[in-house]
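Enquirer: Have a look at the structure that comes next, please.
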Amino acid sequence: MTPLLREHRLKLAIPVLVTVLVVCWTLAIQPFTRYGDNWALWPVILSLPLATAIHVYLVAALRPKWPLVGYAVVHLSALLAIVIICIMRISKDSL
-12 MTPLLREHRL KLAIPVLVTV LVVCWTLAIQ PFTRYGDNWA LWPVILSLPL
38 ATAIHVYLVA ALRPKWPLVG YAVVHLSALL AIVIICIMRI SKDSL
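Right, here's the structure in full:
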């Protein structure tokens, strides 16, 4: 384990926790939503700016920067794909 991971593993896990919460929210709320229900979409939609803000904080606060930038790019790309799938599952509509 690198020193960066050893010292800051809880901080580095927060963006992944946001992703896990989005998936759990989708699985929990999906059976109760109908076509066109938008009230359940807001937590999923707001997860993208939240995760982006957390990644910006991590890049600004910790060193070395380039591994954190790579982590941010990979995680935010995966989160975007997950959010699109979750939106489609919750709203029962396709994009």
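Following my numbering, the numbering of the sequence shown begins with -12 at its first residue and continues without gaps.
Ideal Cβ placement from N, Cα and C applies to all residues, glycine included.
To the nearest angstrom, report how far apart A0 and I32 are at their CA atoms.
Expert: Looking up residue 0 in the sequence shown gives position 13. Looking up residue 32 in the sequence shown gives position 45. Those two C-alpha atoms are separated by around 20 Å.
Enquirer: By Cβ distance below 7 Å, which residues in the same chain neighbour K52 in space, the five residues on each side in sequence not counted?
Expert: Along the sequence shown, read from residue 1 onward, the residue named residue 52 stands at position 65. Once the five neighbours on either side are set aside, the close Cβ partners of K52 are V46.
Enquirer: Which term fits T(-11), buried or exposed, when burial requires 16 or more other beta carbons within 10 angstroms of its beta carbon?
Expert: In the sequence shown, counting from the first residue as 1, residue -11 sits at position 2. So T(-11) ends up on the exposed side.
Enquirer: What first and last residue would you give for the alpha helix (DSSP H) that runs through G57?
Expert: Residue 57 sits at position 70 when you count from the first residue of the sequence shown. 52 to 78 is the extent of the alpha helix (DSSP H) around G57.
Enquirer: From A38 to P54, what distance separates their C-alpha atoms?
Expert: Residue mapping note: residue 38 aligns to position 51 of the sequence shown, counting from 1. Residue mapping note: residue 54 aligns to position 67 of the sequence shown, counting from 1. Each residue's alpha carbon lies about 17 Å from the other.
Enquirer: Tell me the DSSP secondary structure of R21 in three-state form.
Expert: Taking the first residue of the sequence shown as position 1, residue 21 is located at position 34. It is coil, neither helix nor strand.
Enquirer: Hey, could you find the ends of the alpha helix (DSSP H) W26 is sitting in?
Expert: Here residue 26 corresponds to residue number 39 of the sequence shown, with the count starting at 1. Neither: W26 is in no alpha helix (DSSP H) and is coded neither H nor E.
Enquirer: So what's T6 in DSSP terms, helix, strand or just coil?
Expert: Start at 1 with the first residue of the sequence shown, and residue 6 comes out as number 19. It is helical.
Enquirer: I need the straight-line Cα distance from Y44 to H62, nearest angstrom please.
Expert: Start at 1 with the first residue of the sequence shown, and residue 44 comes out as number 57. Start at 1 with the first residue of the sequence shown, and residue 62 comes out as number 75. So the two alpha carbons sit approximately 15 Å from each other.
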